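Here the sequence shown is numbered in the numbering used here, starting from 1307 and rising by one per residue. We treat Cβ as the ideally placed atom computed from N, Cα and C, and that holds for glycine. Bear in mind that the values here come from a model prediction, so they are computed numbers and not experimental data.
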Amino acid sequence: MSFSTDKVALAVRQAVADGLLTEDRPVAGFLDVRGIRESVAALHEAFAGVPDVLHAFAAKACPLVPVLRLLADAGMGCEVASPGELRLALDAGFAPARIVLDSPAKTRGEIREALELGVALNADNLAELDRIDALRPDDCRSVLGLRVNPQVGSGSIGAMSTATAHSKFGVALRDAGARERVVEAYVRRPWLTRLHAHVGSQGCPLPLIAQGLAELHRLAEEINARVGRRQVTSLDLGGGLPVNFTDDCVTPTHAAYVAALTAVEPALLDGRYRLVTEFGRSLLAKNGVTAALVEYVKEAGGRRIALTHAGAQVATRTVFMPESWPLRVTAYGPDGTPRRGPLVPYDVAGPLCFAGDVVAHEHPLPELAEGDLLALHDTGAYYFSAPWAYNSLPRPAVYGCLFEDDGVTFATVRPAQSPREISLENGLDRADALLTGFSAPSLR
């Protein structure tokens, strides 16, 4: 359930031997396939006492089709938040009935497509329910819900907290008259059978998450009492778990999450409501690592700087919010063997052309040299799988790792992007468009 430091060392050494990390391939992401399966198994085990639950992986955490297909094979559903993510989920093999569409800004076309496919959909607001009223076919197979904001407050990372007083997501339940409007929306729509809430994940303590989801349960009970029957039959427990970035330990666990929910509202998990979860980071983060070549080592103002090929393009959150998203860094020689020796502080910088492109500040590492390799741990979610295209840097290759007694083997999840592919992505086949293309504009 964790791409441990020992496994990382083995993977880096073998990747060098196999030519996956070279001067021409200076950065790559790696995923522990068996570790991912074990994380999914632990999630299912934590909810073993819940009679009916769909665990929908949050596609945004790792939108790579082979990874999504692995998760589908392991028994997961999929939570998506855009037309692109929906396409990825379908291409990965998820049945429409096991896909949940969440987004605060769905177009009519996106809503129509979801309803035609039978994908479950959570409306973000009451105006979106009006759109669904107009678009919903008589034979609609989609499970339909409404996202509410319980407004229970913020965790330690404001940008990651979605149940604050002014959050852009959902119907703010504590605003004047909002709760009654939500109840009336259900009274008028017998087909509205699900409630959804999302408190947050990274930076959010379990008691805060549990408090928000207990509010969701109370609202469902209130709606059902008002209509006089069990109209709301399922609860979508959005959000995830914070991840421990300080060492190899997996904490908090999904079992701890279940215990926190049970402590605040035991009826939440007693089977009266079908549950949906939307975990992402907690399943993938600690099963991934990024490895990058050290191109140069230099000094500035008395500080050592290691210039590498892993910067904000693969560690965007860490570069812009280093206190909230600190990463462990370990060092290896050119052959992939761990670097040893006294530790000295390094700024681990990336290749992008802005001064803030620093992944770790004054991080203790053994003496480094050109050609060494650095590993950024716990980057299996939201890092190399969703790169930033600043400076037109290529998307790095991603490899799945299968650890056996006699070593590790690799499968290519996504090949590295070539310079020509970058050019094509940026309009190469329309190079003359601004010179000659105005008479025949194309939307494709």
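*For Q1320, the nearest candidate out of N1732, R1750, P1672, D1712 (CA to CA)*: D1712
*asked:* Going by DSSP in three states, S1698 sits in which element: helix, strand or coil?
replied: helix
_Beta bridge counterpart(s) of V1582 as assigned by DSSP_ = L1360, D1542
_Sequence-distant residues of the same chain with beta carbon closer than 8 Å to P1672, five excluded per side_ = A1637, R1645, R1646, G1647, P1648, L1649, V1650
*Mind checking S1698: buried by the 16 CB within 10 Å criterion, or exposed?*
exposed
_Coarse secondary structure for V1603, derived from DSSP in three states_ = strand
*For the putative contact between V1549 and A1616, defined by C-beta atoms under 8 Å, what is the C-beta separation to the nearest angstrom?*
The pair is not a contact, with the Cβ atoms about 19 Å apart (cut-off 8 Å).
_Through-space distance from R1609 to G1390, alpha-carbon basis_ = 43 Å
*Any idea what DSSP makes of G1534, helix, strand or coil?*
coil
*My guess is that L1682 and V1600 are in contact by the Cβ rule of under 8 Å, so how many angstroms apart are they, rounded?*
In fact, because the Cβ distance is near 13 Å, the residues do not count as touching under 8 Å.
*With DSSP run on the structure shown, which of helix, strand or coil describes H1350?*
helix
*Check whether the region 1484-1501 touches the region 1423-1443, taking contact to mean three or more Cβ pairs, one atom from each stretch, closer than 8 Å.*
yes
*asked:* What would DSSP say about Y1492, mapped onto helix, strand or coil?
replied: helix
*asked:* Within 8 Å, do at least three Cβ pairs link the region 1565-1579 to the region 1656-1675?
replied: no
_Separation of R1375 from P1402, as counted between CA atoms_ = 14 Å
_Identity of the residues DSSP links to N1455 by a beta bridge_ = A1478
*From R1388 to I1417, what distance separates their C-alpha atoms?*
Looking at the sequence itself, residue 1388 is Ser, so the reference to Arg does not match. Spanning the two alpha carbons is a distance of roughly 11 Å.
_Cβ contact (3+ pairs, closer than 8 Å) linking the region 1349-1367 and the region 1560-1575_ = yes
*Going by other Cβ atoms of all chains shown within 10 Å of its Cβ, with 16 needed for buried, is T1718 buried or exposed?*
exposed
*asked:* Just list the residues that DSSP pairs D1338 with in beta bridges.
replied: C1707
*Taking all protein chains shown into account, do 16 or more other C-beta atoms lie within 10 angstroms of the C-beta of N1455, making it buried, or fewer, making it exposed?*
buried
*Grouping DSSP H, G and I as helix and E and B as strand, with all else coil, what is P1369?*
coil
*Going by Cα to Cα distance, which pick from C1510, G1534, R1500, P1513 is closest to H1523?*
R1500
*asked:* According to DSSP, is N1593 part of a helix, a strand, or is it coil?
replied: helix
_So, at 7 Å on beta carbons, what are the nonlocal neighbours of S1448 in its own chain, with the 5 sequence-adjacent residues on each side left out?_
A1420, L1421, G1424, V1425, A1426, L1427
*Measure the CB-CB distance between A1687 and A1334 and report whether it falls below 8 Å.*
no
_Cβ distance (whole Å) where L1633 is taken to contact T1622 below 8 Å_ = Between T1622 and L1633 the Cβ distance is about 12 Å, and since that is not below 8 Å, they are no contact.
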